[in-house]
Amino acid sequence: MADDRQGIFAAEDPFALLRNWLEEAGRSEPNDPVAMALATVDATGLPNVRTVLLKGIADGGLTFYTNYQSRKAGELDNSGKAAVLFHWKSLRRQVRARGTVSRQDPAASDAYFASRDLGSRLGAWASQQSRPLQDRATLEARVAEMAARFGENPPRPPHWGGYVLRPDCLEFWADGANRLHDRFEWVRDGDSWRVTRLNP
Ligand SMILES: Cc1cc2nc3c(=O)[nH]c(=O)nc-3n(C[C@H](O)[C@H](O)[C@H](O)COP(=O)(O)O)c2cc1C
């Protein structure tokens, strides 16, 4: 290694490193170790951030699922860019990643949708995410309506699916004594990665 990475920072590529940290977080976090803050910008450049769950790491991309008519989807589709952040309080570590984002291949979204429990599949049909809702009863009535319509096998709704974020930059941060934290930035450089230690 051209840098002084070792211990928890040692890995061949940033996705292997992220997997290692997620595995550790899975053992120590009270819940949702895969929760990440997803940042987007709206058409005026105003940032927006909310939590989503990371559901896959493959082929240099991070996958999450959502409603394609939600506020975030509009912002993702318009800008084609996003950033995510994990903060594991139990580990005192942070990972951030930024890059381009696109909708997942529909067949892959179909496969993931089919793996979800029935309640979540019906919920995806029932929720008009991010649009106004009159009251809770209206939402529950929509779930009942979808259950009557689709039974046990709802197909993936056309308005629901995955996005894949392909980061060209990831940063791994771990808490150090006296705020002398360790930070390593991985920047895509053609087919490989350039790693730089940053000041805390
Ligand atoms: C722990 C946690 C996990 C969440 N996971 C997801 C998710 O995977 N997909 C999703 O669409 N919303 C998820 N949400 C809800 C979002 O944070 C957000 O409220 C919703 O997607 C609407 O965002 P938008 O109006 O910016 O589109 C999650 C919220 C929390 C607190």
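So that you can map any letter, position 197 of the sequence shown is 197 in UniProt numbering, and since no number is skipped, the others follow by simple counting. We put the CB at the ideal spot given by N, CA and C, even for glycine.
*asked:* Taking the straight line between their C-alpha atoms, what separation do you get for A10 and A108?
replied: 31 Å
_Chain-order list of residues whose beta-carbon lies under 6 Å from that of P157 (same chain, five-residue window excluded)_ = A124 and W125
*Candidates G161, W186, V52 and P167: closest to W173 by CA position*: W186
*Given a threshold of 16 other Cβ atoms within 10 Å of its Cβ, counted over all protein chains shown, does R131 qualify as buried or as exposed?*
exposed
_Any residue whose CB is nearer than 5 Å to a heavy atom belonging to ligand 1, listed in chain order_ = D32, A35, R50, T51, V52, L53, T66, S70, R71, K72 and S130
*Three-state class that DSSP yields for D189 in the structure shown*: strand
*Exposure label - A141; buried when at least 16 CB within 10 Å*: exposed
*Under three-state DSSP, which class holds E171?*
strand
*Straight-line CA distance for F30 to M36?*
Per the sequence shown, the amino acid found at residue 30 is Pro instead of Phe. Their Cα atoms are separated by approximately 15 Å.
*Please report how far the alpha carbon of R71 lies from the alpha carbon of F86, in whole angstroms.*
21 Å
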